[in-house]
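K.L.:
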Amino acid sequence: MRVSFSSFEQYSIAEAEISEMDVLGVGGSVTPQFWVPMRLSVSHRGMKSRDGLEVVSLTGRLSTVNGPLATALPVNIAFIIPQGYDGYKDQHCYLEFSLDAIRIDALEKLRAGGDLSLRLDAILQVNKLHSLNQRPPNQPLAEIVWGYVQPHKLFLQTDLKIPRDVWISRVLRNVGYGIVQVIELPAAPLEACASLDHSFKALQQAQEMHKIGLYDEAVGKCRVALDKFFEYEEKTGEDGKTKKVPVLIKSWETKIGKATYDWLNAMFGALKGAANRSHHSPNQHFNLLDSQMIIMVTAAMVAYVARTLKADA
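Structure, rendered in structure tokens:
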């Protein structure tokens, strides 16, 4: 796609070729950027014999139908075109737009699985110059002393349509979108604490059920893995009724200290409460991500107990 900038005085002197097929994502998930390639051409059309043109810089702004998205870092050019020279022809550069996770997610929602439509506004900064000396005819390489005359801003506005496959393969993949960070958790061997055998067997069953898509059942097995960590004590509620409620085994407090016991009690209680949902309500179900997260956290907590309490648990 070739588009022109606004005129310089009465002349059209600058144009750019933009390829939506060659857009690029860089920087990974840490410093994600979206690069728009541009081949820039500037001619000296209409200049008088002692006039010159300095191409200073290029910048741009991307927008969506919802408003501004990002502003590009300035591309410094600093190229002088004297009268009689062909100009600045098909020079390749990238407009570099910084992104972040929030804006990438917003673009994904806007794209809705299809092509991505954006608007590009670019500004080319040029200066009109006038030579203060005249180059001798027999000295073509003699230096010209330029005097500054007037700055000009040339504007370009065009619509970009990034094909779906290009956006996914060249941009999303390179900015880390949708990449899962894998965290290794130390596994406690069963022989280190035989009394936790029930937990490991339940977690193994949870993994098998997760693999075949039985997410409710997988989370239910996580609850089973925690059952023997609780005992029941009677508590009287605000309504005056007394009932038995599960609490973490009280004898653990002496061994691991009150602070550790309290956070373990809170963590296990939260996991047990979450895993109970599908057992007590036919309308509460877990998806793939729910199952993954609850299995991971439950496995981590069981491993911690196995290492901390060992065979006394």
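Numbers in my numbering are just positions in the sequence shown, counted from 1, shifted up by 5.
By construction, the Cβ of each residue, glycine as well, lies at the ideal position given by its N, Cα and C atoms.
Keep in mind the model is a prediction, meaning the values are calculated, not measured.
In or out: Ser-54 buried (at least 16 other Cβ within 10 Å) or exposed?
P.N.:
Ser-54 is exposed by the Cβ-count criterion.
K.L.:
Using beta-carbon positions only, say whether Phe-273 and Leu-208 come within less than 9 Å of one another.
P.N.:
No, the pair does not count as a contact, with Cβ atoms beyond the cut-off.
K.L.:
Go through its chain and collect everything with a Cβ distance to His-97's Cβ below 6 Å, but skip five positions before and after it.
P.N.:
Answer for His-97: Arg-44, listed in chain order.
K.L.:
Residues in the same chain with beta-carbon distance under 6 Å from Thr-163, minus the five sequence neighbours each way, listed in chain order, please.
P.N.:
Answer for Thr-163: Val-8 and Leu-125, listed in chain order.
K.L.:
Distance check for His-135 and Ile-86, CA to CA, integer angstroms please.
P.N.:
Those two C-alpha atoms are separated by around 11 Å.
K.L.:
So what does DSSP say about Ile-18, is it helix, strand or coil?
P.N.:
In this structure, Ile-18 counts as coil in the three-state DSSP scheme.
K.L.:
Does the Cβ-Cβ distance between Leu-129 and Ser-62 come in under 9 Å?
P.N.:
For Leu-129 and Ser-62, yes; Cβs fall inside 9 Å.
K.L.:
For Leu-293, collect the residues of the same chain with a Cβ closer than 7 Å to its Cβ; drop the 5 residues on either side in sequence, then sort them by chain order.
P.N.:
Closer than 7 Å at Cβ, skipping near neighbours: Tyr-220.
K.L.:
Might you give, ordered along the chain, the residues of its own chain that have their beta carbon closer than 6 Å to the beta carbon of Thr-241, omitting 5 neighbours on each side?
P.N.:
Same-chain partners within the cutoff: Thr-247.
K.L.:
Counting only runs of 3+ residues fully inside the segment 48 to 113, write out the beta strand (DSSP E) ranges in chain order.
P.N.:
With a minimum length of 3 residues, the continuous beta strand (DSSP E) runs that stay inside the segment 48 to 113 are 56 to 69, 72 to 76, 80 to 87 and 93 to 103.
K.L.:
Indicate whether Ile-300 and His-203 have their beta-carbon atoms separated by less than 9 Å.
P.N.:
Contact: no.
K.L.:
By the DSSP assignment, the alpha helix (DSSP H) with His-215 in it spans what residues?
P.N.:
Taken as a continuous stretch (DSSP letters only), the alpha helix (DSSP H) holding His-215 covers 202 to 216.
K.L.:
Would you give the residue range spanned by the beta strand (DSSP E) that Leu-137 belongs to?
P.N.:
Looking at the DSSP string, Leu-137 is not in any beta strand (DSSP E), and its letter there is neither H nor E.
K.L.:
Count the other CB atoms within 10 Å of the CB of Ala-21; is the residue buried (16 or more) or exposed (fewer)?
P.N.:
Burial call: buried.
K.L.:
With Glu-3 as the anchor, note down where its alpha helix (DSSP H) starts and where it stops.
P.N.:
The first residue shown for the chain is 6 and the last is 318, placing residue 3 beyond what the model contains.
K.L.:
For the alpha helix (DSSP H) that Ser-260 lies in, which residues bound it at each end?
P.N.:
In the sequence as displayed, the identity of residue 260 is Lys instead of Ser. Here the alpha helix (DSSP H) through Lys-260 covers 256 to 261.
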